[in-house]
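Letter by letter, the sequence shown follows residues 15 to 214 in this note's numbering.
All C-beta atoms in this analysis are idealised placements derived from N, C-alpha and C, irrespective of residue type, glycine included.
Just so you know, these numbers come straight off a predicted model, no measurement behind them.
First the structure, in the form of C-alpha cells, and then the observations on it.
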Amino acid sequence: MVLNRQSSFDLFSQEECRDRAREIRSEMLVRLTEWREHNDNIPARRAEALIRAADPGCENPAEAALLWVLKSVSAFEVVTQFEIIVNGRRYFADIAIPGLMIIFEFDGIGKLGKNEADFARAKREWIQRENDLRGAGWTIYRFSWPDYEDLAQLRAWVTELLAPYQASIPALAQRLWAVPTQACDGPNRRFHVGTSRRWS
15 MVLNRQSSFD LFSQEECRDR AREIRSEMLV RLTEWREHND NIPARRAEAL IRAADPGCEN
75 PAEAALLWVL KSVSAFEVVT QFEIIVNGRR YFADIAIPGL MIIFEFDGIG KLGKNEADFA
135 RAKREWIQRE NDLRGAGWTI YRFSWPDYED LAQLRAWVTE LLAPYQASIP ALAQRLWAVP
195 TQACDGPNRR FHVGTSRRWS
C-alpha cells in the first residue's frame, strides 16, 4: 500500500507509476540495509523479499494480502491491474497470471456502489465483464473478506488451484511466506487470524 500511495498509482498511466514505485522500492531496500547494520535480529532476508514482491497496483489491503499469498506459491508471473481488452471493452484484472489466463479478484462492498441505482448498474457491468472475460478464455476466482480469516488455508487453496500447472512451489516464492501470528491480529484489523468460513 505504501507503493500504491507514494507512486500515486493510476490505471491509465501504469508505466509511469511503476517507474516511481521502482524508485521508492530502491529507497526502501537502502533503508533496510542501513537498519540491518544496526539491528542484527530483524528478519532482513524475508523483509527484502517482501519489499521486492510488493506491487503498487494493489488498491486496498485485501488485494495486497491476496497478492502476497499468490506470490508465495506461484512459479508464474503475477501481475496487478492487468489490462484485458475483449469485444472492444477495456477491463483491468485485480491480479492475473497471464500465462495461465487466470484472474484473482477481491470483491469488496465498495465495488457495489452506495445506493440502489449504483448497485443495479454495478451488477449489469459485473455480468457483462464476467461474460466477456470467461468468453475470452479467462478463468476467474473471486475472494471476499471471510476468505481471509485463515490465510494459511487460503494459501493452501491457491496452491491447489495452481497444482496442475506447477510441480512445486519455487524456493524464492516460499521465502515470502510465514504463518501470520496472533500478534498481527487485533480488534482494528479488517481480517484476522482464525478459522475461515470457506473451509470450515
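query: Pick from Val193, Pro194, Phe157 and Asp24: whose alpha carbon is nearest that of Phe106?
result: Asp24
query: Residues bridged to Phe120 by DSSP?
result: Phe157
query: Where does Thr195 sit, in a helix, a strand or coil, going by DSSP?
result: coil
Rounded separation between Val172 and Phe157 - CA only: 11 Å
task: Could you spell out where the beta strand (DSSP E) holding Phe106 opens and where it closes?
output: Arg103 to Ile111
query: Span of the beta strand (DSSP E) holding Gln95?
result: Val93 to Val100
- request: Go ahead and label Val193 buried or exposed: buried means 16 or more other beta carbons lie within 10 angstroms of its beta carbon, across all protein chains shown.
  value: exposed
field: Exposure label - Phe133; buried when at least 16 CB within 10 Å
entry: exposed
- prompt: Any idea if Gln188 is buried or exposed, counting beta-carbon neighbours within 10 angstroms, 16 or more meaning buried?
  reply: exposed
Residues near Arg39 in its chain [Cβ-Cβ closer than 8 Å; skip 5 each side]: Leu17, Ile65, Arg66 and Ala68
query: Whose C-beta lies closer than 8 Å to the C-beta of Ser214 among residues of the same chain, with five residues either side of it excluded?
result: The predicted model places Ser214 with a pLDDT of 35, which falls under 50 and marks its position as unreliable; any figure quoted below should be read in that light. If we look at Ser214 and ignore the five residues flanking it on each side, it has no Cβ neighbours.
task: May I have the straight-line CA-CA distance separating Ala89 from Ala166, to the nearest angstrom?
output: 18 Å
task: Can you give me the Cβ contacts of Ala76 inside the same chain, cut-off strictly under 6 Å, excluding the 5 residues immediately before and after it?
output: Phe120
message: Restricting to Cα atoms, I'd like to know which of Gln196, Ile154 and Phe26 is closest to Arg104.
response: Phe26
task: Please go through the same chain and pick out, in chain order, the residues whose beta-carbon is closer than 7 Å to the beta-carbon of Leu114, but skip the five residues on each side of it.
output: Phe90 and Tyr179
- prompt: Going by beta carbon distance, what residues of the same chain come within less than 7 Å of Leu84, once the five residues before and after it are set aside?
  reply: Val92, Ile109, Phe118 and Val172
query: In its own chain, which residues sit with a C-beta less than 8 Å from the C-beta of Ser22, not counting the 5 before and 5 after it?
result: Cys31 and Arg34
- request: Rounded to whole angstroms, what's the CA-CA distance from Pro184 to Val87? Just pull it up for me.
  value: 7 Å
query: Cβ atoms of Leu46 and Ala61: under 8 Å apart, would you say?
result: yes
query: Any idea if Thr94 is buried or exposed, counting beta-carbon neighbours within 10 angstroms, 16 or more meaning buried?
result: buried
task: Would you grab the beta carbon distance between Ile141 and Leu147 for me? Rounded to a whole angstrom, and I think it's under 8 Å.
output: Incorrect: roughly 11 Å between the Cβ atoms, too far for contact.
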